[in-house]
Amino acid sequence: MKFSDGYWLTREGYHINTPKEAYDRMIDQQSLTVYGPVKAVQKRGDTLDTRMLTVRFSSPLEDMIRVQVFHFQGETPRKPDFQLHTADVEPVITEHDDALTFQSGSLCVEVSKNGWGYQFSRDGQSLTASESNSLAYITSDDGRTFMREQLNIGVGELLYGLGERFTAFVKNGQTVDIWNQDGGTSTEQAYKNVPFYLSNKGYGVFVNHPELVSYEIGSEVVSKAQFSVEGESLDYFVISGAEPKDVLKRYAALTGKPALPPAWSFGLWLSTSFTTDYSEETVTRFIDGMTERGIPLSVFHFDCFWMKEFEWCNFEWDERYFKQPEAMLSRLKEKGLKICVWINPYIAQKSKLFQEGKENGYFLKNSRGDVWQWDRWQAGMAIVDFTNEKARDWYCSKLESLLDMGVDCFKTDFGERIPSDAVYFDGSDPERMHNYYSYLYNKTVFDLLRQKRGEREAVVFARSATAGGQQFPVHWGGDCFASYDSMAESLRGGLSLSLSGFGFWSHDIGGFESTATADLYKRWTAFGLLSTHSRLHGSESYRVPWLFDEEAADVMRYFVKLKHRLMPYLYAAAHEAHAEGIPMMRAMLLEFPGDNTCHWLDRQYMLGGRLLVAPVFQEDGAVRYYLPKGTWTHLLTGKETEGGEWKEERYGYMRLPLFVRENTLLPLGQESGRPDYDYLDDVTFCLYHLKDGCTAEQTIYNEKGEAMTLRASRHQNTIAVKTTGVQKNWKLLLRGLSVTSVINGAAEALQEGTAVQPKEKERDVFIYF
1 MKFSDGYWLT REGYHINTPK EAYDRMIDQQ SLTVYGPVKA VQKRGDTLDT
51 RMLTVRFSSP LEDMIRVQVF HFQGETPRKP DFQLHTADVE PVITEHDDAL
101 TFQSGSLCVE VSKNGWGYQF SRDGQSLTAS ESNSLAYITS DDGRTFMREQ
151 LNIGVGELLY GLGERFTAFV KNGQTVDIWN QDGGTSTEQA YKNVPFYLSN
201 KGYGVFVNHP ELVSYEIGSE VVSKAQFSVE GESLDYFVIS GAEPKDVLKR
251 YAALTGKPAL PPAWSFGLWL STSFTTDYSE ETVTRFIDGM TERGIPLSVF
301 HFDCFWMKEF EWCNFEWDER YFKQPEAMLS RLKEKGLKIC VWINPYIAQK
351 SKLFQEGKEN GYFLKNSRGD VWQWDRWQAG MAIVDFTNEK ARDWYCSKLE
401 SLLDMGVDCF KTDFGERIPS DAVYFDGSDP ERMHNYYSYL YNKTVFDLLR
451 QKRGEREAVV FARSATAGGQ QFPVHWGGDC FASYDSMAES LRGGLSLSLS
501 GFGFWSHDIG GFESTATADL YKRWTAFGLL STHSRLHGSE SYRVPWLFDE
551 EAADVMRYFV KLKHRLMPYL YAAAHEAHAE GIPMMRAMLL EFPGDNTCHW
601 LDRQYMLGGR LLVAPVFQED GAVRYYLPKG TWTHLLTGKE TEGGEWKEER
651 YGYMRLPLFV RENTLLPLGQ ESGRPDYDYL DDVTFCLYHL KDGCTAEQTI
701 YNEKGEAMTL RASRHQNTIA VKTTGVQKNW KLLLRGLSVT SVINGAAEAL
751 QEGTAVQPKE KERDVFIYF
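Under the UniProt record's numbering, the residue at position 165 of the sequence shown is numbered 165, and the numbers go up by one with no gaps.
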């Protein structure tokens, strides 16, 4: 939201009040509070008839500083609030002649005592600052009030995140409103709005407001990241890290870390599509068609019309097309499939659940006390009030019946178009609930799945989210079009979401709206199977590959099986996302923060920390991508190339730029037919270009929680390999090395690519060359 009219003037109807000096301060063990009147106090009379802002600095976690700004503090607190995980941190507070300093770990804020302003630094290096006239209390002629902050953007500094945004990857120059909307993937609107941005300088800013937060990122004032909220207070956190990954770790520690999705969820999901005609016969034909073509399938998803039209949601199978749903589900599960069904938090007036929800007060209400209703999406629909515990239990009881029938998980669609004038059971403020509703909705369903299916089996396929929603994976990118432009938009959105604390992300392979060409479908297949989660879904047409052409089935089979072989590596990356908050799909800057070229890249990414993926976005197979410095090996061809430059190549449908970094131990599993198997048993570790003086290490896990770590170190002409943890069958495959080997005294001649098979229970391997 813009308040100024150029550099010198204020927009008509607004009045900006900024602190002029740090007039007084209060220090205790946990905080520093500074008082800033909006006019300079030169005599006692200046303390009368003026405004004053109160600014409190505290630290909820080490290397994190919270800034709370108040005009009037007499407001009754409004619900809801983000659920934050904090600890007691005792900062170091020092008073100097000209400044006050507040330090948490390596992060420090220095408040000027001469005039007004404060600067954030890490280990003495400046990060950002709020200068004179940056912090403001703003009044408008229509009676509204706002709090505004402007933090400096340095020369060459780039900002990212703010949720799943499909606009330009670098947010500099953009106006962004944190307000969930169902706008597709081709506009400035977003399904997942997160009031957190990440800087390539190694810090992030989280604005602790679930309601509308309006950002002007180098737009209203080109050297400032501005954010504003309506009301009498502002609350934000500056989070420091030596590298961007460290910032994300601390942000996840504050707002919540992603749950670990079950291994089966990483396989291929197939949907009925949305408005297509389907029945049990259609579903069975598609599943059998995948089997006949040798394409492994893990999950089958029933989209909206598993329920009768005009009755979403009644949570009952449409008996016209699914006469014996429990028996059908049993037959599908005998084929080794997991079952997902579509739901949303809305109850249509024609649903038999409407009257039940109305009578018991389970729906949002309007100001008159009636059920809040409208005709968008479903005629006369109501919205479940998840602030009411009884309503949550009621909603879950309907889902529980489906779980008892054999359903394994839910696609938690919608949750964005939530009214800002509704009345909530617990008195929550509707403006603050608009975005937060998605958190309560997905948490309710996810908690039920954890309760009924167990901690390691819970997974949803969610569209809407806000800060903290990353705890309930998986999220997908919403309604994209069947075009290369939309495919690129989807990737930008996924990378922005990953830089907003979300560890797992998917998208509709081939696009949702309209029908892809066979060419686009095959290119999107490679991208989709090299994402954390992979789903075939569309709107008005089916997405089984043979309807495009038979080569599409070949491409699908190839990349599904490749993903299954990669599961020991992918599941290890999932563990890292779960334990530390580092996303599986990573913008290049996360792994290469010192390479300035990587700061702009939005058409390629790292899958985990060791694999580089560059999807093909052109019909002729041409792709331009960037390899950072080092020796890279193409995973599928074995071709080696040196990085530090751009590459331009053409690829067929069975290939795309998929490279392994040097000094990598890449674990490959023995199973290509399914994603869930014991990743520790019969695993092959491929050692790629281990440089002298370097170490490569990889820990892998299975679903039982057992772990094995393999560590390879090279010193001149010796590579030492050591394993710890659970010992099962494993072998080492050398890449980029031709050696003569001595393994525990037994000499062998090894060429590049030869597998080293240690003897049973031997944990140490020495390779001399």
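Just so it is clear, CB atoms sit at the ideal spot from N, CA and C, and this is done for glycine as well.
Can you name the residues that DSSP bridges to residue i?
| i | result |
| --- | --- |
| Val41 | Val41 is not bridged to any residue. |
| Trp646 | Tyr626 |
| Gly66 | A small correction: the amino acid at residue 66 is Arg; Gly does not occupy that position in the sequence shown. Note: Arg66 sits in a beta bridge opposite Ser58, Phe237. |
| Asp5 | Leu9 |
| Val341 | Phe302, Phe410 |
| Cys108 | Gln103, Ser121 |
| Ala382 | Ile347 |
| residue 779 | The structure shown has nothing for residue 779, since the chain only spans 1 to 769. |
| Asp24 | Tyr35 |
| Glu697 | Arg711 |
| Met654 | Met654 pairs with nothing; no bridge assigned. |
Grab the span of the beta strand (DSSP E) containing residue i for me, first residue to last.
| i | result |
| --- | --- |
| Gly204 | 203-207 |
| Ala712 | 707-715 |
| Tyr160 | 159-163 |
| Val683 | 683-688 |
| Cys409 | 409-412 |
| Lys731 | 730-735 |
| Phe310 | No beta strand (DSSP E) holds Phe310; DSSP gives it neither H nor E. |
| residue 833 | Examination of residue 833 is not possible in this model, given that the chain is present from 1 through 769 alone. |
| Gln150 | 145-152 |
| Ala136 | 136-140 |
| Asn17 | 14-17 |
| Lys691 | Unbroken run through Lys691: none, as it is neither H nor E. |
| Gln470 | Taken as a continuous stretch (DSSP letters only), Gln470 belongs to no beta strand (DSSP E), as it is neither H nor E. |
Rank the options by C-alpha distance to the C-alpha of residue i and give the top, closest one.
| i | options | result |
| --- | --- | --- |
| Leu270 | Asp508, Ala574, Glu21 | Asp508 |
| Val613 | Phe70, Ser496, Met585 | Met585 |
| Gly608 | Ala572, Ile339, Gly478, Glu540 | Ala572 |
| Asp123 | Ser186, Glu149, Gly202, Ile178 | Gly202 |
| Asn702 | Ser186, Lys411, Pro262 | Pro262 |
| Leu449 | Leu402, Asp429, Leu732, Phe363 | Leu402 |
| Thr723 | Arg711, Asp678, Lys2, Leu734 | Arg711 |
| Arg543 | Trp646, Gly289, Thr532, Ser428 | Gly289 |
| Met588 | Asp235, Met606, Ala574 | Met606 |
| Phe461 | Leu536, Asp421, Leu151 | Leu536 |
| Lys257 | Leu590, Cys304, Val474, Arg368 | Val474 |
| Asp235 | Phe196, Ser498, Ala577, Arg714 | Phe196 |
Along the alpha helix (DSSP H) that carries residue i, what are the first and last residues, could you check?
| i | result |
| --- | --- |
| His71 | Where His71 is concerned, there is no enclosing alpha helix (DSSP H), given that its DSSP letter is neither H nor E. |
| Ile582 | Ile582 -> no alpha helix (DSSP H), and no H or E assigned at all. |
| Leu658 | Premise fails: Leu658 lies in the beta strand (DSSP E), 658-660, not in any alpha helix (DSSP H). |
| Trp394 | 389-405 |
| Pro195 | Per DSSP, Pro195 belongs to no alpha helix (DSSP H); it is in the beta strand (DSSP E), 193-199. |
Between the C-alpha atoms of residue i and residue j, what's the straight-line distance to the nearest angstrom?
| i | j | result |
| --- | --- | --- |
| Gly105 | Asp63 | 5 Å |
| Tyr626 | Asn596 | 12 Å |
| Glu662 | Arg610 | 8 Å |
| Leu547 | Thr664 | 39 Å |
| Asp426 | Leu570 | 42 Å |
| Ile217 | Gly173 | 5 Å |
| Arg331 | Glu309 | 25 Å |
| Thr47 | Val222 | 34 Å |
| Leu529 | Asp98 | 58 Å |
| Gly745 | Asn729 | Below a pLDDT of 50, predicted positions are generally treated as unreliable, and Gly745, at 37, falls in that range; the measurement from the model is reported next regardless. Going by the C-alpha atoms only, they are around 21 Å apart. |
| Lys352 | Glu671 | 46 Å |
| Glu311 | Leu440 | 23 Å |
| Thr740 | Gln716 | Bear in mind that the predicted position of Thr740 carries a pLDDT of just 44, short of 50, making it unreliable; the figure below should be weighed with that in mind. Roughly 14 Å between the two C-alpha positions. |
| His599 | Leu158 | 8 Å |
| Leu329 | His564 | 25 Å |
| Asp28 | Ile65 | 15 Å |
| Gly725 | His575 | 16 Å |
| Thr167 | Ala482 | 18 Å |
| Met654 | Val89 | 53 Å |
| Phe57 | Val34 | 8 Å |
Could you round the C-beta distance between residue i and residue j to whole angstroms and report it? I think they count as a contact, below 8 Å.
| i | j | result |
| --- | --- | --- |
| residue 777 | Val111 | Not covered by the structure: residue 777. The range shown for the chain is 1 to 769. |
| Asn628 | Gly644 | Strictly speaking, residue 628 in this sequence is Pro, with Asn absent from that position. Contact flag correct, Cβ pair sits at about 7 Å. |
| Thr412 | Ile343 | 6 Å |
| Arg463 | Trp476 | 6 Å |
| Gln226 | Arg148 | 7 Å |
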